[in-house]
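Reviewing the structure listed below.
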Amino acid sequence: MSLAVRAIDESEFPEWLRAVRVGFLQTPVVPDGEAADRLAHTDLARTVGAFDRGRIVATYRSFDQELSTVGGANLAAHAVSGVTVSPTHRRRGLLSRMMTDDLAAAKERGAACATLIAAEYAIYGRFGFGPASWVSEWSVDVTRAGFDPRRPGPGAEADGGRIDLSDGAEVREEGPALHRRLAAQRAGITARTPRNWDVGTGNSTLGRPWTEPFYAMYRSESGEPEGYVAYTADDKWTDGKQPRQTATVRELIAVTPAAERALWRFVCSIDWITSVRTGYRAPDDILPLLLPDPRAAQPVTHTDMLWLRILDVPKVLEPRTYAVEDTLVLDVRDAGGLAGGRYRLDASRAGASCVRTDASPDLVLDVAELARLALGDESALRLAATGTIEEATPGAAARADRLLRGALRAWSMDIF
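In this text, residue positions in the sequence shown follow this note's numbering: the first is 1, and each later residue adds one.
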């Protein structure tokens, strides 16, 4: 019997959520209130299920998204989420059917690219996705970090700024503007909706238990918010009544160097805290260099985060900025038939154009490899060394590196 793949209706949404939980090996019970809460923010026309004799055995949804690129412009992205196939229905082509149809529809709607967070690395390359950003996490031994405990706390910074304890309501008020300012500084940031801020600060709990974090807000000398941190702490003591508590950073957003320095020092200076887990940060985060002893920050995680699927090469490459002036001809291979072709990228500090061409190529690469380069994070030289991109013109990879790399590595802080 063939399996039907179609958009679900409202009555099928609770069962769709249950199937998502099954696919992600979560308890297959939808908490009270979660279905109604999520339904109000879900486009059912883009929420798909595969049905076998009335039972949902695969899930898929998409929604519109904005994604920051190098220089601060936003790309019109097509976000993919909730992708599962039940263990009883693996290897039947269900993911391929859902993904192929959805990406074609996204291309038709005019999206520049598609995005997702990959639960497994090996799945999405065959659909033209490539890892466009990575994250790192550190565990900081604050007893070895080297901060002077006699120095006044970060509430009275030398630059005139100050840190005050805050709450979720203030973060919902000030956070969106700070998040947009951060996106203007770094590629890879996905835009947040008011709903995201409600869920992220406990104003909406999706029917699940919520642990309220501590919040602290940094303001400049003029009183302008420039950053905040949200963190939790455990409650561990030694038998000798010595604190051994860990602060876990849920989020730290800073839009100025002064705010970033002050907020990290604040977290690493809290009484009783002997260890700090940083949460997922950009791989080039300044934290280790802020410590008098950078070895106190031990890396515990380094992994891929945002995966990008280019749907329209000019729409992805033209809006971003370039630090040098050069012309590259890219021969882009795309087995999915969505973005393949030969493109001439003319870039300068004044702007860029990207058009189809018949000129001889400088680089030959798969669309998934171009995705790794598009947000300025990966090195074309590294990809050439692995054999995943081909230099048709000698020295083209080095030229692409100078042209495409961003001053800061891409950072995607949100899982969706």
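We treat Cβ as the ideally placed atom computed from N, Cα and C, and that holds for glycine.
| message | Buried or exposed, going by whether 16 or more other CB atoms sit within 10 Å of the CB of residue 367? | response | Taking the sequence shown and counting its residues from 1, the one referred to as residue 367 is at position 367. Buried.
| request: Would you check if there are 3 or more beta carbon pairs closer than 8 angstroms linking the segment 284 to 295 to the segment 108 to 124? | output: Cβ pair count under 8 angstroms is below three, so no.
| Got a sec? Which residues, its chain only, sit under 6 angstroms from residue 99 by beta carbon, not counting five neighbours each side? | Here residue 99 corresponds to residue number 99 of the sequence shown, with the count starting at 1. So the list reads 127, once near-sequence residues are dropped.
| To the nearest angstrom, how far is it from the Cα of residue 222 to the Cα of residue 161? | Along the sequence shown, one-based indexing puts residue 222 at 222. Along the sequence shown, one-based indexing puts residue 161 at 161. If I take the Cα positions, the gap works out to 8 angstroms.
| said: Please report the straight-line C-alpha distance between residue 409 and residue 282, rounded to a whole angstrom. | reply: Position 409 of the sequence shown holds residue 409. Position 282 of the sequence shown holds residue 282. The straight-line gap from Cα to Cα measures roughly 7 angstroms.
| What is the residue span of the beta strand (DSSP E) that residue 391 lies within? | As a working note, residue 391 is residue 391 in the sequence shown. That run of the beta strand (DSSP E) goes 389 to 391.
| request: Give the DSSP-derived three-state secondary structure of residue 280 in the structure shown. | output: By one-based count along the sequence shown, residue 280 stands at place 280. Under the three-state reduction of DSSP, residue 280 is assigned to coil, being neither helix nor strand.
| Thinking C-alpha only, which one of 398, 386, 376 is nearest residue 71? | As a first step, residue 71 is located in the sequence shown; it is residue number 71 there, counting from the start. Distances from the CA of residue 71 to each of 398, 386, 376 were compared; the closest alpha carbon is that of 376.
| task | State buried or exposed for residue 278, treating a residue as buried only when at least 16 other CB atoms are found within 10 Å of its CB. | result | Along the sequence shown, read from residue 1 onward, the residue named residue 278 stands at position 278. When all chains shown are included, residue 278 counts as buried.
| task | Whole angstroms is fine: what's the gap from residue 229's alpha carbon to residue 280's? | result | Counting from 1 along the sequence shown, the entry for residue 229 is found at position 229. Counting from 1 along the sequence shown, the entry for residue 280 is found at position 280. Across the structure, residue 229 and residue 280 are spaced so that their CA atoms are roughly 13 angstroms apart.
| query | How about residue 20 and residue 84: do their beta carbons lie closer than 7 angstroms? | reply | One-based indexing of the sequence shown puts residue 20 at position 20. One-based indexing of the sequence shown puts residue 84 at position 84. Going by C-beta atoms, residue 20 is nearer than 7 angstroms to residue 84.
| Spatially closest choice to residue 117 from 309, 378, 321, by CA coordinates | On the sequence shown, position 117 is the one that residue 117 refers to. Here the closest residue by C-alpha is 309.
| Through-space distance from residue 319 to residue 184, alpha-carbon basis | Counting from one through the sequence shown, the residue named residue 184 turns up at place 184. Counting from one through the sequence shown, the residue named residue 319 turns up at place 319. In a straight line, the C-alpha of residue 184 is about 13 angstroms away from that of residue 319.
| So residue 62 packs on residue 147, CB below 8 angstroms; how close in whole Å? | Residue 62 sits at position 62 when you count from the first residue of the sequence shown. Residue 147 sits at position 147 when you count from the first residue of the sequence shown. No, residue 62 and residue 147 are not in contact; Cβ-Cβ is about 46 angstroms, not under 8 angstroms.
| Measuring CB to CB, does residue 262 end up less than 7 angstroms from residue 218? | On the sequence shown, position 262 is the one that residue 262 refers to. On the sequence shown, position 218 is the one that residue 218 refers to. Yes, the Cβ-Cβ distance between residue 262 and residue 218 is below 7 angstroms.
| request: Determine the burial state of residue 302: buried for a count of at least 16 other Cβ atoms within 10 Å of its Cβ, exposed for fewer. | output: Reading the sequence shown from its first residue, position 302 is the one you call residue 302. The residue in question, residue 302, is exposed, as its Cβ has fewer than 16 Cβ neighbours within 10 Å.
| task | Would you list, in sequence order, the uninterrupted alpha helix (DSSP H) runs of no fewer than 4 residues that lie entirely inside the segment 260 to 337? | result | Qualifying alpha helix (DSSP H) stretches, in chain order: 287 to 290, 313 to 317.
| request: Return helix, strand or coil for residue 217, following the three-state DSSP convention. | output: Numbered from 1 along the sequence shown, position 217 holds the residue referred to as residue 217. In this structure, DSSP gives residue 217 an extended state, which the three-state scheme calls strand.
| Going by the beta-carbon positions, is the gap between residue 306 and residue 45 smaller than 7 angstroms? | As a working note, residue 306 is residue 306 in the sequence shown. As a working note, residue 45 is residue 45 in the sequence shown. Going by C-beta atoms, residue 306 is not nearer than 7 angstroms to residue 45.
| Secondary structure at residue 121, three-state DSSP: helix, strand or coil? | Here residue 121 is taken as the residue at index 121 of the sequence shown, counted from 1. Correct three-state label for residue 121: coil.
| Would the beta-carbon of residue 86 fall within 7 angstroms of that of residue 57? | By 1-based counting over the sequence shown, the position of residue 86 is 86. By 1-based counting over the sequence shown, the position of residue 57 is 57. The answer is yes: Cβ separation under 7 angstroms.
| field | Residues near residue 311 by beta carbon distance below 8 angstroms, same chain, minus five either side | value | As a position in the sequence shown, residue 311 is number 311, starting the count at 1. 78, 103, 106, 107, 111, 112, 113, 114, 338, 339.
| query | For residue 169, which of 194, 163, 189, 187 has the nearest alpha-carbon? | reply | As a working mapping, residue 169 is identified with position 169 in the sequence shown. For residue 169, the nearest C-alpha among the options comes from 194.
| request: Give the straight-line distance between the Cα atoms of residue 196 and residue 174, rounded to the nearest whole angstrom. | output: Position 196 of the sequence shown holds residue 196. Position 174 of the sequence shown holds residue 174. Rounded to whole angstroms, residue 196 to residue 174 spans 14 angstroms at the Cα level.
| Between the C-alpha atoms of residue 42 and residue 260, what's the straight-line distance to the nearest angstrom? | The sequence position of residue 42 within the sequence shown is 42, counting from 1. The sequence position of residue 260 within the sequence shown is 260, counting from 1. If I take the Cα positions, the gap works out to 35 angstroms.
| Every unbroken alpha helix (DSSP H) inside the segment 224 to 258 [4 residues or more] | Runs of alpha helix (DSSP H) with 4 or more residues, each lying fully within the segment 224 to 258, are absent.
| Identity of the residue in 97, 28, 137, 188 nearest residue 69 by Cα | For the purposes of this step, residue 69 is taken as the residue at position 69 of the sequence shown. Its Cα nearest to that of residue 69, the residue 188 stands out among 97, 28, 137, 188.
| Which whole-angstrom value describes the C-beta separation of residue 213 and residue 250, a residue pair presumed to lie in contact below a C-beta threshold of 8 angstroms? | Reading the sequence shown from its first residue, position 213 is the one you call residue 213. Reading the sequence shown from its first residue, position 250 is the one you call residue 250. Contact between residue 213 and residue 250 holds: CB atoms are separated by about 5 angstroms, below the 8 angstroms threshold.
| How many Å lie between residue 388 and residue 370 at the Cα? | Indexing the sequence shown from 1 puts residue 388 at position 388. Indexing the sequence shown from 1 puts residue 370 at position 370. For the pair residue 388 and residue 370, the Cα-to-Cα distance works out to about 10 angstroms.
| Near residue 177, what residues of its chain come up, given a Cβ to Cβ distance below 8 angstroms and the 5 sequence neighbours on each side ignored? | In the sequence shown, counting from the first residue as 1, residue 177 sits at position 177. The residues are 225.
| field | For residue 366, the three-state DSSP class (helix, strand or coil) | value | For the purposes of this step, residue 366 is identified with residue 366 of the sequence shown, where counting begins at 1. Strand.
| Is the CB-CB distance between residue 50 and residue 94 below 7 angstroms? | By 1-based counting over the sequence shown, the position of residue 50 is 50. By 1-based counting over the sequence shown, the position of residue 94 is 94. Taking the C-beta atoms as reference points, residue 94 is found nearer than 7 angstroms to residue 50.
| task | Under 6 angstroms Cβ to Cβ from residue 201, same chain only, skipping five residues before and after it: list those, please. | result | Position 201 of the sequence shown, counting from 1, holds the residue named residue 201. Non-local C-beta neighbours of residue 201 in its own chain, meaning closer than 6 angstroms and more than five positions away in sequence, comprise 168, 171, 172, ordered along the chain.
| Beta bridge counterpart(s) of residue 416 as assigned by DSSP | Position 416 of the sequence shown holds residue 416. By DSSP's assignment, residue 416 forms no beta bridge with any residue.
| field | Own chain partners of residue 145 with C-beta closer than 7 angstroms, once the 5 adjacent residues on each side are dropped | value | Sequence index remark: in the sequence shown, residue 145 carries index 145 (1-based). Contacts found: 268, 291, 292, 293, 296.
| query | Taking the C-alpha atoms as reference points, what is the distance between residue 125 and residue 90? | reply | Residue numbering aside, residue 125 sits at position 125 when the sequence shown is read from its first letter. Residue numbering aside, residue 90 sits at position 90 when the sequence shown is read from its first letter. Just so you know, the alpha carbons of residue 125 and residue 90 end up roughly 18 angstroms apart.
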